[in-house]
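These notes are about the structure you will find just below.
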Amino acid sequence: MLRAHRHAPSAAPKGPGREGTPVDSAGSARTRVRRIAELQRFDRAALDEVLDAGKLAHVAVVDDGQPYALPMAYVRDEDRILLHGSTGSRLMRLLQDGAPTCVTVTLLDGLVFARSAFESSMHYRCAMILGVCSPAPDPLDALRIMTDSLLAGRWNEVRPTTSKELAGTHILQLQLDEWSVKISDGDPEDPPEDQELDIWAGVVPTVTAYGDPRPSGDLRPGIATPPSVRRLADRSTPNAPALPSHGPP
């Protein structure tokens, strides 16, 4: 079975952790990691790194005693994350009305293959944010921030947002006031007796890559791929980063 990897990341702070609340931590009793607690990160930079690397969050609320968790696009803007959706969405109405929420972002960085199924695991970075959403003070500017954060420069390439579209959209913000980050990396943690076995063990990294842009079927002839899309495709690569070798291939 796959299980949580126990290896603490090398960059994790070793001082102010489980004994007290570190300066950078926005943690609480609700966000303290209890399972493999040494994987928790308390520095705000770690939170920003995870949120900035992701694009998809799972937003959870409880409606009439029933929990729901739905995927949503998000962006981080300084000390808040921005969410948007239709005013007809039940989830957005609940959030708009002040329902407490739990937002999670998880990045899968690799598969960890140990010499046993029990010790096999994954490399991951995950963030959890608790709080109550509120309407963004400037909805149009928040929409611009979301658009350009998802694809830099796209806001200036698309037509202006209409007042009707803006009226039909909830644009909400969630302050980064209460959060936790957990990061797992490193080699498989086989016990000494398993390390003597003639079984391959190691890590296979995962990479997110963007392919060649595919024009819409209804695109009029002569419309070139815009700079924002070209930049996204040009900087993407399907090749995984090289990992340091710890033994023969």
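Going by numbering that gives the first Met the number 0, the letters in the sequence shown line up with residues 0 to 248, in that order.
Glycine included, each C-beta is placed from N, C-alpha and C at the ideal position.
- At a Cβ-Cβ threshold of 9 Å, residue 179 and residue 123 do not count as neighbours.
- Nearest in C-alpha terms to residue 110, of all of 104, 145, 118, is 118.
- Scanning the region 111-176 for uninterrupted alpha helix (DSSP H) segments of 4 residues or longer gives 138-149, 162-166, listed from N- to C-terminal end.
- Closest option to residue 73, judged by alpha-carbon separation, among 51, 86, 154, 59: 51.
- For residue 115, same chain residues with a beta-carbon under 8 Å away, outside a window of 5 residues either side, are 189, 193 in chain order.
- Between residue 32 and residue 181, the beta carbon gap of about 6 Å places them in contact (Cβ cut-off 8 Å).
- Cβ neighbours of residue 146 within its own chain (closer than 8 Å, five residues either side excluded): 153, 154, 157.
- Residue 134 is positioned such that its CB atom lies no closer than 9 Å to that of residue 174.
- Burial is judged here by how many other beta carbons sit within 10 angstroms of a residue's own beta carbon; residue 215 has fewer than 16 and is exposed.
- Just measuring C-alpha positions, the residue of 208, 75, 37, 41 sitting nearest residue 142 is 75.
- One Cα belongs to residue 68, the other to residue 62, and the distance between them is close to 11 Å.
- CA-to-CA, the gap between residue 89 and residue 71 works out to about 13 Å.
- In the DSSP assignment, residue 203 forms a beta bridge with 110.
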